[in-house]
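Have a look at the structure below before the remarks.
In our numbering, the protein residues as written are 2 to 220.
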């Protein structure tokens with residue numbers, strides 16, 4: 002009797018769960034690290050001096066113009082060539098975090114520059130330092146503006162995690178391919194993997210909506 006998809010899915014449940022867990026871990030680390038670095042990049046692009054701003058502009062343009070797959074391969078193979086031995090997981094997270102930071106940097110820059118300069122001048126007039134001005138005046142307003150774009154970037158990181166299979170990271174896609182190589186149920190398992198990716202990205206979207214509601218200005 003030919004085994005059904007549900008039978009094969011049950012047999013492969015642990016493999017799929019391990020791949021899903023690795024995908025979520027990679028995506029979460031890349032999004033968090035990339036967002037923190039991206040905020041620094043955005044601040045440098047917006048408020049940096051004549052020396053700092055061009056450096057980060059070049060960094061942003063180069064990274065955004067480089068395919069993610071190239072960054073993944075470079076972080077794994079080039080790092081080992083220069084004496085920094087990263088395991089596939091670390092190299093993959095590094096590549097995605099760097100790519101994420103370039104996009105978040107541009108998002109933050111756009112959000113900050115959209116705030117009228119008069120608000121910064123008013124904050125200076127009442128004696129606020131730059132740190133206080135950023136924390137209490139600029140950041141809350143910029144956050145509301147760039148949050149939707151950040152959610153899109155976070156979702157892209159989940160999708161980009163599929164590329165880490167080329168350096169041997171056993172994330173969801175690679176685990177799915179291993180399962181298919183044994184039971185040849187390509188359509189069913191690829192569809193199921195796609196559904197899992199959708200669930201992860203839907204969770205990110207709902208989290209973004211939650212933060213939007215929390216940071217919205219009361220009408």
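Cβ atoms here follow ideal geometry from the backbone N, Cα and C, with glycine treated the same way. Predicted, not measured: the structure shown is a model, and the values here were computed from it.
8 Å Cβ cutoff met for residue 20 and residue 106 = Against a cut-off of 8 Å, the Cβ pair of residue 106 and residue 20 comes out as no contact.
query = Exposed or buried, residue 2, counting other C-beta atoms within 10 Å across all chains shown (16 or more means buried)?
reply = Because the pLDDT of residue 2 is 42, which lies under 50, any placement of that residue in the model is unreliable, and the number read from its coordinates should be weighed accordingly. Burial call: exposed.
key: Straight-line gap, residue 56 to residue 192 (C-alpha atoms, nearest Å)   = For the pair residue 56 and residue 192, the Cα-to-Cα distance works out to about 43 Å.
inquiry  = With H, G and I counted as helix, E and B as strand and the rest as coil, what does DSSP make of residue 5?
reply    = In this structure, residue 5 counts as coil in the three-state DSSP scheme.
key: Collapsed DSSP secondary structure at residue 112 in the structure displayed   = Residue state, collapsed to three classes: helix.
task = Would you identify the three-state DSSP class for residue 1, choosing helix, strand or coil?
result = Since the displayed the chain opens at 2 and closes at 220, residue 1 lies outside it and no answer follows.
request  = In angstroms with no decimal places, state the Cα-to-Cα distance between residue 162 and residue 179.
outcome  = The alpha-carbon atoms of residue 162 and residue 179 are separated by roughly 17 Å.
key: Buried versus exposed call for residue 27 [16 or more other C-beta atoms within 10 Å across all chains shown]   = Flag for residue 27 reads buried.
task = Give me the Cα-Cα distance between residue 206 and residue 200, rounded to the nearest whole angstrom.
result = It is roughly 10 Å from the alpha-carbon of residue 206 to the alpha-carbon of residue 200.
query = Any chance the stretch 22 to 36 sits against the stretch 44 to 59, with 3 or more Cβ pairs inside 8 Å?
reply = No, the stretch 22 to 36 does not touch the stretch 44 to 59.
message = Quick check on the DSSP output: what are the complete alpha helix (DSSP H) runs of length 4 or more inside the stretch 60 to 128, in order along the chain?
response = At a cut-off of 4 residues, the continuous stretches assigned as alpha helix (DSSP H) that sit fully inside the stretch 60 to 128 are 69 to 74, 89 to 114 and 118 to 126.
key: Other residues of its chain near residue 164: CB distance less than 7 Å, five sequence neighbours each side excluded   = Apart from sequence neighbours up to five positions away, the residues of its chain that approach residue 164 with a beta-carbon distance below 7 Å are 69, 70 and 73, ordered along the chain.
inquiry  = Distance check for residue 9 and residue 212, CA to CA, integer angstroms please.
reply    = Roughly 39 Å separates the two Cα atoms.
Residue closest to residue 90, alpha-carbon to alpha-carbon, out of 81, 41 and 77 = When each option's Cα is compared against that of residue 90, the closest is 77.
ask   = Between which two residues does the alpha helix (DSSP H) harbouring residue 154 extend?
value = Its alpha helix (DSSP H) spans residues 140 to 161.
message = Using 8 Å as the threshold, is the C-beta distance between residue 174 and residue 94 below it?
response = With a cutoff of 8 Å on beta-carbon distance, residue 174 and residue 94 are scored as not near each other.
ask   = CB residue 152 to CB residue 111, shorter than 8 Å?
value = Residue 111 is positioned such that its CB atom lies no closer than 8 Å to that of residue 152.
ask   = Can you tell me whether DSSP reads residue 52 as helix, strand or coil?
value = Note: residue 52 maps to coil in three-state DSSP.
request  = Check whether the Cβ atoms of residue 108 and residue 139 sit closer than 8 Å, and answer yes or no.
outcome  = In this structure, the beta-carbon distance from residue 108 to residue 139 does not fall below 8 Å.
ask   = Roughly how far, in whole angstroms, is the beta-carbon of residue 141 from the beta-carbon of residue 216, given that I think they are within contact range, below 8 Å?
value = Approximately 7 Å separates the beta-carbon atoms of residue 141 and residue 216; this is inside 8 Å, confirming the contact.
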